[in-house]
Amino acid sequence: MIIIDTLRRKKEITVNGEQIMDLTSKSFEFIGMQLITGTTVVTDDFVMRPDLISQHIFSDQNKFDYLMKFNGISNPFAINTGDVIFLMDESDMQLSRASTATDDNKEDIRKKFFDPSRLSKKDQKRLDFIKTKASALPNASAQVLPPNFAEPGSQEMKSVDGKIIFGGDVVVNKNNCPEPSSRARVKAKLLENKIFKK
Numbered sequence: 275m276i277i278i279d280t281l282r283r284k285k286e287i288t289v290n291g292e293q294i295m296d297l298t299s300k301s302f303e304f305i306g307m308q309l310i311t312g313t314t315v316v317t318d319d320f321v322m323r324p325d326l327i328s329q330h331i332f333s334d335q336n337k338f339d340y341l342m343k344f345n346g347i348s349n350p351f352a353i354n355t356g357d358v359i360f361l362m363d364e365s366d367m368q369l370s371r372a373s374t375a376t377d378d379n380k381e382d383i384r385k386k387f388f389d390p391s392r393l394s395k396k397d398q399k400r401l402d403f404i405k406t407k408a409s410a411l412p413n414a415s416a417q418v419l420p421p422n423f424a425e426p427g428s429q430e431m432k433s434v435d436g437k438i439i440f441g442g443d444v445v446v447n448k449n450n451c452p453e454p455s456s457r458a459r460v461k462a463k464l465l466e467n468k469i470f471k472k
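Its first residue numbered 275, the sequence shown is counted upward by one per residue in this note's numbering.
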């Protein structure tokens, strides 16, 4: 059984009452220049198999995540015959592990963006103006959020009639967009308004 050390070290966080693994926290901190201790060339036996490469080099298949990260490989299925894999010292690999995340990561990310103490006077005036303008809209939101943030409690993804809809609740003005828009409809609207040329 392969044990992925970098996943094992990830913190669990609570989101909407559910325990999940925080995959967004960094796994490695490569500080300064990293010493390359050697190289290996991928043979036909090692194509798409970083675990076998790790077993061959370190006699431990569970260190493949270090090799992949050190070589900037995010997709193990992209490893092909003739690829050159850079190697680093085993002790350096252990030192490069990022320290485990602190409890600060459990904090809602929105708080980092809307902490009034972090705002300059100009930003605070802008935020007050946006709140005033938003509250005057017919579908006034309880919160002022950037366009890529959903309101707490909204569903970013849902299933309707067997189709998966992304961002159905994220639209600020649902009255103007009562149903998901197709690519063809958007293109037709752009042509109609002479914004898009054939």
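Yeah, the Cβ is synthetic: ideal placement off N, Cα and C, and Gly gets one too.
Check	Outcome
According to DSSP, residues forming a beta bridge with PHE302	ARG371
CYS299 versus LEU281 - alpha carbon distance	Before going further, note that residue 299 is Ser rather than Cys in the sequence given. Roughly 10 Å separates the two Cα atoms.
Nonlocal neighbours in the same chain, by C-beta distance under 7 Å from THR313, ignoring five residues either side	VAL358, ILE359, PHE360, LEU361
Between the CA atoms of SER333 and LYS437 - distance to the nearest angstrom	47 Å
Backbone CA spacing between LEU465 and ALA410 [nearest angstrom]	32 Å
Cβ-Cβ distance between LYS284 and MET295 below 9 Å	yes
Three-way DSSP call (helix, strand, coil) for CYS433 in this model	The question names Cys, yet the displayed sequence has Ser at residue 433. In this structure, SER433 counts as strand in the three-state DSSP scheme.
Between the CA atoms of ARG457 and LEU341 - distance to the nearest angstrom	41 Å
Residue span of the beta strand (DSSP E) that contains PHE360, given as start and end	358-361
Neighbourhood of PHE304 by C-beta, 8 Å cutoff - its chain only, sequence neighbours within 5 removed	PHE344, SER370
Supposed contact pair VAL315 and ILE353 - C-beta distance, whole angstroms, cut 8 Å	So it is not a contact: roughly 11 Å between Cβ atoms.
SER328 classed as buried or exposed, judged by whether at least 16 other C-beta atoms fall within 10 angstroms	buried
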